[in-house]
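Beneath this line is the structure, given in structure tokens, with notes to follow.
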Amino acid sequence: MGAVLISPEELREELADNNIHLLDVRWALGDPNGPQHYLDGHIPGAVFVDLETELAAAPSPARGRHPLPDPGTFEKCARSWGLGDGEPVVVYDATGGMAAARAWWLLRWAGVADVRILDGGLPAWTAADGELATGAEPDPATGDLVVRPGALPVIDADAAAGWSGVLLDARAGERYRGEVEPVDPQAGHIPGAVSAPTADNLDDTGRFHPADTLRARFAAFGDGPVAVYCGSGVTAAHQIAALAVAGIPAALYPGSWSQWSNDPKRPVATGA
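For the sequence shown, the positions run 366 to 637 when my numbering is used.
This is the structure we're talking about:
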């Protein structure tokens, strides 16, 4: 896997020389105003990407809140953003990559080799005196990207239930322990999973910790193949990005807790 992250300084330098596709993926649970945030200020030339409708299929109890999109539908979306085969992509948000990582993961899964997350997102860009544009951008020319799904590993609920390695739960610790559950029908976690909150991948400025720090963090969770889930498969992609920075491959359980907790046949664990 190639580089996962790009700094604001590197991005500014590369934008001067290369035709990089910029995707603005501002989304947060409970905040439907991503399009307005984009209009209020974005990196010049960036295309807004809607996580709910372009980076996920329609939600259902059987599949979870953010199922993986159909490959053909995702290909049409990616082409509408102007993406072409072999062209570099940079994704960003304003929340430490928590939403942008979903686009990073999907594009890597779809076979796009050169896609990176802007480390620190829009706050880091503006802190580095990066320029902002307001309002809408012209529609990009339609790209010719061919989606080839399967370049990153995926597991289903049965595989998660019988996972023989390390199954990481990327949600906040209180959700893992079952103390609170703001969204899904049951509180708790998949039996055998280890609590590994995604927020701990970042430093106080919202940037990813260095590779050595992340490697030590994940080594403490145990040995064996790694799989990750979260509430609905969004922040788990951020965990997989952090694992990739550390040089550790990992599989995604896309249905995550939103699928698992809707199945009465699935056992639920609580506590630390």
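For every residue, glycine included, the Cβ atom is placed at its ideal position computed from N, Cα and C.
{"Asked": "Out of 561, 615, 505, which has the shortest C-alpha to C-alpha gap to residue 411?", "Found": "505"}
{"Asked": "Cβ of residue 519 within 8 Å of Cβ of residue 619?", "Found": "yes"}
{"Asked": "Could you tell me which whole alpha helix (DSSP H) segments of length 4 or greater appear in the stretch 448-520?", "Found": "465-474, 486-492"}
{"Asked": "Would you kindly check if the distance between the Cβ of residue 581 and the Cβ of residue 593 is under 8 Å?", "Found": "no"}
{"Asked": "With a CB to CB cut of under 7 Å and the five nearest residues on each side skipped, what residues in its chain are close to residue 471?", "Found": "420, 439"}
{"Asked": "By how many angstroms is the C-alpha of residue 494 removed from the C-alpha of residue 521?", "Found": "43 Å"}
{"Asked": "Assign residue 402 to one of three DSSP states: helix, strand, or coil.", "Found": "helix"}
{"Asked": "What is the DSSP secondary structure of residue 560, counted as helix, strand or coil?", "Found": "strand"}
{"Asked": "Classify residue 434 as buried or exposed, calling it buried when 16 or more other Cβ atoms lie within 10 Å of its own Cβ.", "Found": "buried"}
{"Asked": "CB residue 604 to CB residue 533, shorter than 8 Å?", "Found": "yes"}
{"Asked": "Between which two residues does the beta strand (DSSP E) holding residue 633 run?", "Found": "Where residue 633 is concerned, there is no enclosing beta strand (DSSP E), given that its DSSP letter is neither H nor E."}
{"Asked": "Compute the distance between the beta-carbons of residue 413 and residue 396, then report whether it is under 8 Å.", "Found": "no"}
{"Asked": "Note the first and the last residue of the continuous beta strand (DSSP E) segment covering residue 592.", "Found": "591-594"}
{"Asked": "With a Cβ-Cβ cutoff of 8 Å, do residue 496 and residue 373 count as a contact?", "Found": "no"}
{"Asked": "Going by alpha carbons, who is nearest to residue 584 out of 427, 608, 598, 514?", "Found": "608"}
{"Asked": "Whose C-beta lies closer than 6 Å to the C-beta of residue 448 among residues of the same chain, with five residues either side of it excluded?", "Found": "386, 508, 510"}
{"Asked": "Tell whether a beta-carbon distance below 8 Å holds between residue 621 and residue 596.", "Found": "yes"}
{"Asked": "For residue 473, does the count of other Cβ atoms within 10 angstroms reach 16, so buried, or fall short, so exposed?", "Found": "buried"}
{"Asked": "Is the beta carbon of residue 527 closer than 8 Å to that of residue 633?", "Found": "no"}
{"Asked": "My parser needs the alpha helix (DSSP H) runs of 4 or more residues fully inside the stretch 405-439; what are they?", "Found": "416-419"}
{"Asked": "Where do the N-terminal and C-terminal ends of the beta strand (DSSP E) with residue 523 fall, by residue?", "Found": "Where residue 523 is concerned, there is no enclosing beta strand (DSSP E), although the alpha helix (DSSP H) it sits in stretches over 522-526."}
{"Asked": "Between the Cα of residue 489 and those of 571, 446, 567, 566, spot the shortest distance and give me the residue it belongs to.", "Found": "571"}
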